[in-house]
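Take a look at the structure set out below.
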Amino acid sequence: MFRYFAALPLLLVTACAGQSGPGAAPTAADPSQPATPTAGTSPTVSASPTASRDPALAAAPAMSGDQLCSLLTDAQASEGTGLTVEKHRGSSGVSHEASCSWYTAKGEFVTTSISILSFTVPATTQMEKWGVTLADKKSPSPGVGDQSYYLVGGYNTNAGVVFAKGTNIFNVGVTAGDPNKRDEPADRALALARAKQILDKVP
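Under mature numbering (1 follows the signal peptide of the UniProt record, and there is no 0), the letters of the sequence shown match residues -20 to -1, 1 to 183, in that order.
Here you go:
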């Protein structure tokens, strides 16, 4: 959803779990189980021994999963998507990462997701390494935070916005409409709106 977004061992393998091919339908998410990205969502951070040893990473995320969930109401997380949020769940992973996902009825799809990766140095110095592998550098910056890019949608991932603020990198992903029929311009616009909503609330 940073090598954070594109390193297959860290992220995309979790997003692809349960899929048999590019045309496969999204796998239902069980909210009673630990949070994992479903098809059509931005992947969240997944730790690895390499990531854990990176001296630039903070010992703990600046916000917990529950704190990320407090950034948006369920109504705000579903606004403009054509989907209704029934529940949300925060997840605080090992050491440096945390995320929150907002789910539709029975946890079938994630409408909005926010994740954070925290550092001991300015996050802008880490964007090339962790934040922009899936970035669309040909498009103008969304203009959020200290540095930001739109994220290119792809197999099992939606378009979104990644931005640096202070010592943190945030990823905001949105599913607009039918998760099986991605609308990248709509996803980007909604992700940017969500990013602007949370900007003043995050460290």
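Glycine included, C-beta positions come from ideal geometry on N, C-alpha and C.
Note that the structure is predicted; figures quoted are calculated from it, not measured.
- Taking a 10 Å sphere around the C-beta of E59, we find 16 or more other C-beta atoms and assign the residue as buried.
- Bounds of the beta strand (DSSP E) holding L131 are Q127 to L131.
- Annotation: Q56 to E66 spans about 12 Å, alpha carbon to alpha carbon.
- Residue environment analysis places D180 among the exposed positions, since fewer than 16 neighbouring C-beta atoms fall within 10 angstroms of its C-beta.
- C-alpha of A166 to C-alpha of A156: approximately 6 Å in a straight line.
- Rounded to the nearest whole angstrom, the C-alpha separation of S128 and V142 is 6 Å.
- Nearest to D34 by alpha-carbon distance, out of L97, F89 and A169, is L97.
- Its chain contains F143, A144, K145 and L179 as the residues whose beta carbon lies nearer than 7 Å to that of G125, once the 5 sequence neighbours on both sides are disregarded; these appear in chain order.
- Taking all protein chains shown into account, P41 has 16 or more neighbouring C-beta atoms within 10 Å of its C-beta and is therefore buried.
- Apart from the 5 residues on each side of it in sequence, L170 sits with its Cβ closer than 6 Å to the Cβ of G60, V154 and A156 in its chain, given in chain order.
- Looking at the backbone, the Cα of S121 and that of Y130 are separated by about 7 Å.
- In its chain, beyond the 5 residues on either side, Y130 and A139 have a beta carbon closer than 6 Å to the beta carbon of R168.
- In this structure, the CA atom of L63 is about 24 Å from the CA atom of A78.
- CA-CA distance, K117 to E164, rounds to 15 Å.
- The C-alpha of T53 lies about 14 Å from the C-alpha of T84.
- Annotated as proximal: N148 and A103, with beta-carbon spacing under 7 Å.
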